[in-house]
Every structure is written in C-alpha cells, then in structure tokens.
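Please read the structure below before turning to the comments.
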Ligand SMILES: [Zn+2]
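Here it is as structure tokens:
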C-alpha cells in the first residue's frame with residue numbers, strides 16, 4: 115500500500131516536470147513536428163528577435179526516442195499565410211495549431227505550396243529578380259528526384275535551388 119502511494123507521488127512529480135518543460139498557452143500558436151534543428155530558422159522567419167516581447171517556448175530534438183522533432187509555442191501570435199508557406203520550405207511536415215483560451219481551435223498540416231512568390235531570393239546573381247528591376251521572385255516548387263528533397267525552380271532564369279534554402283529567404 116505504501117509502495118503504491120509513493121509511486122503515485124512520483125508520477126505526479128514527473129507530470130510537474132513536464133509542465134515546467136513546456137507550459138500550456140492561453141492564446142497563440144504551437145508549431146509541432148518541425149524538422150529537428152530547424153526551430154531556430156523558424157523563429158527567424160517569425161521575426162523573433164531581441165525586441166520580441168511575447169512568450170516563446172522552444173523544445174528541440176524532442177518526441178520519440180531519437181528526439182525527432184522541434185516544437186515552438188508562441189503566445190499571443192497567429193501565423194500569416196506567408197509565414198506558413200515559408201516554414202513549409204524548411205519543414206514540410208510541420209503542423210500549425212492555433213490555441214484560443216487553452217483549446218486547440220485549429221490544427222493543420224503544413225502543405226508545401228506549388229509555387230512561391232517573394233519569399234526566397236534567386237541564387238543566380240544575373241537573374242532579373244536580382245537586378246534593379248522591381249521583379250518579385252517566383253519559384254515553382256518541385257522535388258529533387260535523387261534526394262527527394264524540395265527544389266525550387268526560378269520562373270525567370272530556370273535556376274534550380276535545392277540546398278541551404280534558409281540562406282535565401284528574403
Ligand atoms: Zn532566377
């Protein structure tokens with residue numbers, strides 16, 4: 115009997131520990147299933163910097179035994195469509211959960227867009243979008259057949275970008 119009680123005490127304590135690790139939020143967004151290691155890039159996309167005052171929680175390399183995802187909770191903030199599209203480029207399997215009054219009011223898988231405009235700059239320095247012409251960048255989103263990773267094809271100069279996309283985000 116005593117043993118059972120102490121076990122109960124222990125699991126309570128574990129629960130508290132989990133609460134400490136990442137707290138439920140009242141209103142805001144939880145971005146889940148972020149590709150491990152991409153959370154910091156996602157924060158950058160969302161404009162989280164020194165001047166950002168909302169509460170933000172990040173857990174990296176969590177979930178599953180291998181720690182196969184990153185999670186971000188951000189208070190008092192919902193994402194724009196453009197932010198979701200940008201996150202899709204880095205982490206196509208992420209999910210975006212909108213929290214209102216502690217309840218998940220919407221949960222959706224990020225869908226990789228078929229094309230993206232004005233999010234990424236072209237790798238080709240001679241591309242018209244990198245000239246003084248005011249042309250907005252536009253890419254067709256495809257898949258690299260060999261690596262099965264995302265590839266972007268510039269509609270102006272046909273340059274294909276497959277790696278280090280984060281470095282080209284505008
Ligand atoms: Zn181009």
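In the numbering used here, the protein residues as written are 115 to 284.
Just so you know, even glycine gets a beta-carbon here, dropped at the ideal spot from N, CA and C.
Inset, instruction - State yes or no: is the C-beta of residue 256 nearer than 7 Å to some heavy atom of ligand 1? - result: Taking the chain shown and counting its residues from 1, one reaches residue 256 at position 142. Flag unset: Cβ of residue 256 not near ligand 1.
Legend entry - Within 8 Å, strictly: CB atoms of residue 253 and residue 271: Sequence index remark: in the chain shown, residue 253 carries index 139 (1-based). Sequence index remark: in the chain shown, residue 271 carries index 157 (1-based). Taking 8 Å as the Cβ cut-off, residue 253 and residue 271 do not qualify as a contacting pair.
Inset, instruction - Determine which residues share a DSSP beta bridge with residue 143 and list them. - result: Along the chain shown, one-based indexing puts residue 143 at 29. Its beta-bridge partners are 188, 212.
Inset, instruction - Tell me where the beta strand (DSSP E) around residue 255 begins and ends. - result: Mapped onto the chain shown, residue 255 falls at position 141. Here the beta strand (DSSP E) through residue 255 covers 252-257.
Legend entry - Residue range of the beta strand (DSSP E) that includes residue 264: Residue 264 sits at position 150 when you count from the first residue of the chain shown. Where residue 264 is concerned, the enclosing beta strand (DSSP E) stretches over 264-268.
Legend entry - Classification of residue 205 by the beta-carbon crowding that lies within 10 angstroms, buried from 16 upward: Translated into the one-based positions of the chain shown, residue 205 becomes position 91. With 16 or more other Cβ atoms within 10 Å, it is buried.
Inset, instruction - Going by CA-CA distance only, name the one from 166, 167, 149 that's closest to residue 173. - result: Taking the first residue of the chain shown as 1, we reach residue 173 at position 59. Answer by Cα proximity: 149.
Inset, instruction - Could you tell me if residue 236 is buried or exposed, where buried requires 16 or more neighbouring beta carbons within 10 angstroms of its beta carbon? - result: As a working note, residue 236 is residue 122 in the chain shown. Buried, because 16 or more other Cβ atoms sit within 10 Å of the Cβ of residue 236.
Legend entry - residue 197, DSSP secondary structure in three states: As a first step, residue 197 is located in the chain shown; it is residue number 83 there, counting from the start. Reduced to three states, the DSSP call for residue 197 is helix.
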